[in-house]
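Protein chains: 2
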Amino acid sequence: MTAANHFELLARDGHARTGRLTTPHGAVRTPAFMPVGTAGAMKGMHWREVRDSGADIVLGNTYHLMLRPGAERIAALGGLQTFTGWNGPMLTDSGGFQVMSLSELRKVGEQAVTFRSHIDGAKVELSPERSIEVQRLLGSDIAMQMDECVRLPAERSDIERAMLLSLRWAERSHRAFETAPPGYMLFGIVQGGDAPELRRASARALVEVGFHGYAIGGLAVGEPQSVMLAMVEEVEPILPQDRPRYLMGVGTPEDMLEAVARGIDMFDCVMPTRNGRHGMAFTRFGQINLRNARHADDPRPLDEQSPWPSARDCSRAYLHHLVKSGETLGAMLLSEINVAYYQGLMQDIRNAIAGGNFASFCERTRAGWATGDIAAR
Amino acid sequence: MTAANHFELLARDGHARTGRLTTPHGAVRTPAFMPVGTAGAMKGMHWREVRDSGADIVLGNTYHLMLRPGAERIAALGGLQTFTGWNGPMLTDSGGFQVMSLSELRKVGEQAVTFRSHIDGAKVELSPERSIEVQRLLGSDIAMQMDECVRLPAERSDIERAMLLSLRWAERSHRAFETAPPGYMLFGIVQGGDAPELRRASARALVEVGFHGYAIGGLAVGEPQSVMLAMVEEVEPILPQDRPRYLMGVGTPEDMLEAVARGIDMFDCVMPTRNGRHGMAFTRFGQINLRNARHADDPRPLDEQSPWPSARDCSRAYLHHLVKSGETLGAMLLSEINVAYYQGLMQDIRNAIAGGNFASFCERTRAGWATGDIAAR
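Those protein sequences? They're chains A and B, same order as listed. Taking this note's numbering, the leading residue of the first sequence gets 1, the next gets one more, and so forth. Taking this note's numbering, the leading residue of the second sequence gets 1001, the next gets one more, and so forth.
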């Protein structure tokens, strides 16, 4: 528990919390949703739109960036913030997860993971130490420890082996991070699959090592929501109250309400941009599929009460046309509409927690989603 | 020559002219470059960026829009300006050119062209009258007559046949447009391939019919620039000085300087957005290929003196990375940078003509292009 604390808890409402995380590139209001800018870019969005949407922090993928354009190159160019022009807080993952999902011929060893790049087939080695080195070269405000994430369902023995390996990697990551300048943060990652006692053991051991914040990893990988939330409930009481908690790769708006209610402060997910590219819009009426022919002649916007201009000004007919025609602008508009919806939701969540009415806010919000879209006409 | 005149000539410098064309949706400063928003969208650009770039008017493609989402549908939704959210002047082509280049099983008859849609194979008929009807349903500020455009090189007999057919279609288009509300415009199109006497005959006959403006079509279809400019020179003295002249489908920045010097007022081309999607940037140093490895480590922007933010703020290294990675943002940034470069060039051209120094402006501009890009480092 030696890591300095940069998190300030401002209010609680039940288990839900709102606070402020101070990073070298600015403050992050929590609960926070981090849009995913995989390879140094948000798909279909200018950085100015990401900023305008209300995002305080974005996520970059170490795996992609280390392979192209390369961590040393980005460092020479002034770090990820200068390189991309996103001059705000940035969290990077460790690269481990995508080694597992994207690369070929990977081999997990105690010392490191070796794999072949999905871009050019080059053989690459990633160790916990190299992952930290890469993330420091990138200039990430928040680095993540390298871990091994097991897809569920899995054998308990596999889950345990990966959890214990991740713990040893956590310690090595922690040591490798010791020379990082003040203000930069390292988060440990709780593993343990869907096994409550493994999750608890992982959390306890990580807290023992002492990180700036704690992530819960290896969820939102295909298991039911109830399992994910049960694992959050197992882990949450063990994590220090004064540190931020980050539920990795989550999720739907509904997932986030449930997780915030269980004490989670940070989220990331590709869903707003990916679903936007596939013609789906997130709204207070729930998800709307713009491919549906019911929108073809509808002059009404997605949501006339939205604070986001294109959600309020573009007709459903126009969005339908763009999506059906495969026009880039359709993906661009729906990506920004979705990221803005997520950010608006987080702002409403923060306000509700600060106002002590998070439960009634959740009830109202879920009722809106359940009612569904406005009637066709 | 009965068509009302909405064009005001403000200054001349040699054959070059600057003026103002007043349309129902606003004024167009000439010389004007019209970015191409094929199917009701500019590829990779939000309309707010098109506006910010300095574009007064954009072009929509009748062929695409009549097939999807359909002219009657767009009319019911309030016309193209309301439908797209581009609330400024819009010119539409007649659809004829793309029937020739995109559709299948087309058959050109005296009465109409019949073809199969490239989208769903549906059989469609397009006559000069239907083309005008479609363009009026779309709400175009400037409609174009239907014509037949012959690819060069071609037999003189084919060129003549197409030119004469286009003239008969011009008269039918003109009659079909008689009931259009005041302020809306119809342009005739000079055809005649690379045959000077056919070009002159076409221009004289069109002027006899009397249009709001005159386009020169069937150029920039593969012939040398010298042929294109020679045809402009043949036609220009015949066209009335008080009407706008539009050189269709042109072109490169260099093409535009040459054509403005020969009395052309309007241009359209997909080049800024298409080349942007292929990693090319238009700058005062000439065209720059961002795929080139020389940019990989270059922290300098494309042009630190550009008035356009992303041309001034994004590093060449970042643009190179985006293009190499196939990130949408690369195409988005280069499209807006290129359209803004074209618009900046047109503004400089207008200023130079108004100031009576167009020739020296051209010399300076060409010298910049000829010098080429800044040295690698």
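Virtual Cβ for every residue (Gly too), placed ideally from N, Cα, C. Note that the structure is predicted; figures quoted are calculated from it, not measured.
Query raised in the report: Going by alpha carbons, who is nearest to A:His118 out of A:Ser94, A:His64, A:Arg168 and A:Thr92?
Result: A:His64
Query raised in the report: Is any beta-carbon of chain A found at less than 8 Å from that of B:His1321?
Result: yes
Query raised in the report: Below 8 Å between beta carbons: does that hold for B:Gly1218 and B:Cys1269?
Result: no
Query raised in the report: Taking the alpha-carbon positions, what's the B:Glu1236 to B:Ala1376 distance?
Result: 43 Å
Query - Where B:Ser1325 meets chain A, residues with beta-carbon distance less than 7 Å - result: Ala39 and Arg68
Requested in this report: For A:Lys123, name the three-state secondary structure that DSSP assigns.
Outcome: strand
**Report entry** B:Met1001 in three-state terms, based on DSSP
**Finding:** Here the model assigns B:Met1001 a pLDDT of 47, short of 50, so the residue's position is not dependable, and the following value carries that caveat. Looking at B:Met1001 - three-state DSSP - the assignment turns out to be coil, as it is neither helix nor strand.
Query raised in the report: Using the rule of at least 16 other Cβ atoms within 10 Å of the residue's Cβ for burial, across every protein chain shown, is A:Gln145 buried or exposed?
Result: buried
Report task. Hey, could you find the ends of the alpha helix (DSSP H) B:Pro1035 is sitting in? Result -> Run containing B:Pro1035: none in the alpha helix (DSSP H); it sits in the beta strand (DSSP E), Ala1032 to Pro1035.
Query raised in the report: Would you say A:Thr62 faces chain B, with C-beta separation under 8 Å as the test?
Result: no
Query raised in the report: From A:Met90 to B:Met1042, what distance separates their C-alpha atoms?
Result: 31 Å
Report task. Compare the C-alpha of B:Leu1077 against each of A:Ser310, A:His321 and A:Pro272 and name the closest. Result -> A:His321
Requested in this report: Please compile the residues from chain B whose C-beta is within a distance smaller than 9 Å of the C-beta of A:Pro299.
Outcome: Ala1076, Leu1077, Gly1078, Thr1082 and Phe1083
Requested in this report: Following the continuous alpha helix (DSSP H) through A:Thr22, name the residue where it begins and the one where it ends.
Outcome: No alpha helix (DSSP H) holds A:Thr22; the beta strand (DSSP E) holding it covers Ala16 to Thr23.
**Report entry** Length of the line joining the Cα atoms of B:Ile1057 and A:Val28
**Finding:** 42 Å
Query raised in the report: Looking at the C-beta of B:Met1332, does it have a partner C-beta in chain A at a distance below 8 Å?
Result: yes
Requested in this report: With DSSP collapsed to three states, give me the class of B:Val1028.
Outcome: strand
**Report entry** C-alpha distance - B:Ala1367 paired with B:Asn1289, whole-angstrom precision
**Finding:** 19 Å
**Report entry** Cutoff 8 Å; reference B:Gly1014; Cβ partners in own chain excluding five residues on either side
**Finding:** Ala1261, Phe1358 and Ala1359
Query raised in the report: Quick one: does B:His1046 have its CB under 8 Å from some CB of chain A?
Result: yes
Query raised in the report: In terms of alpha-carbon separation, which member of A:Leu21, A:Thr283 and A:Thr84 lies closest to A:Thr38?
Result: A:Thr84
**Report entry** Spatially closest choice to A:Ile189 from A:Pro181, A:Pro182 and A:Ser202, by CA coordinates
**Finding:** A:Ser202
Query raised in the report: For B:Leu1247, which beta-bridge partners are listed by DSSP?
Result: B:Ile1216 and B:Phe1267
Query - Under 7 Å from the C-beta of A:Cys314: neighbouring residues of chain B - result: Gly1085
**Report entry** Cβ-based burial, B:Asp1120 [other Cβ within 10 Å; buried from 16]
**Finding:** exposed
Query raised in the report: Would you say B:Arg1291 faces chain A, with C-beta separation under 8 Å as the test?
Result: no
Query raised in the report: Hey, how far is the Cα of B:Met1346 from the Cα of B:Gly1054?
Result: 9 Å
Query raised in the report: So the beta strand (DSSP E) B:Met1144 belongs to, where does it begin and stop?
Result: Ile1142 to Met1144
Report task. Report back the beta-carbon spacing between B:Thr1283 and B:Tyr1341 to the nearest angstrom; my notes put them in contact at under 8 Å. Result -> 6 Å
**Report entry** Cβ neighbour criterion (16 or more within 10 Å) applied to B:Asn1061
**Finding:** buried
Query raised in the report: Quick one: what does DSSP say A:Thr179 is sitting in, helix, strand or coil?
Result: coil
Query - CA-to-CA distance, A:Leu102 to B:Gly1249, given in whole angstroms - result: 43 Å
Query raised in the report: So what's A:Val232 in DSSP terms, helix, strand or just coil?
Result: helix
**Report entry** Cβ of A:Thr328 within 8 Å of any chain B Cβ
**Finding:** yes
Report task. Go to A:Glu49, then tell me how far its beta strand (DSSP E) extends in each direction, as first and last residue. Result -> Element bounds for A:Glu49: not the beta strand (DSSP E) but the alpha helix (DSSP H), Trp47 to Asp52.
Query raised in the report: Taking 8 Å as the CB-CB cut-off, is A:Ala71 touching chain B?
Result: no
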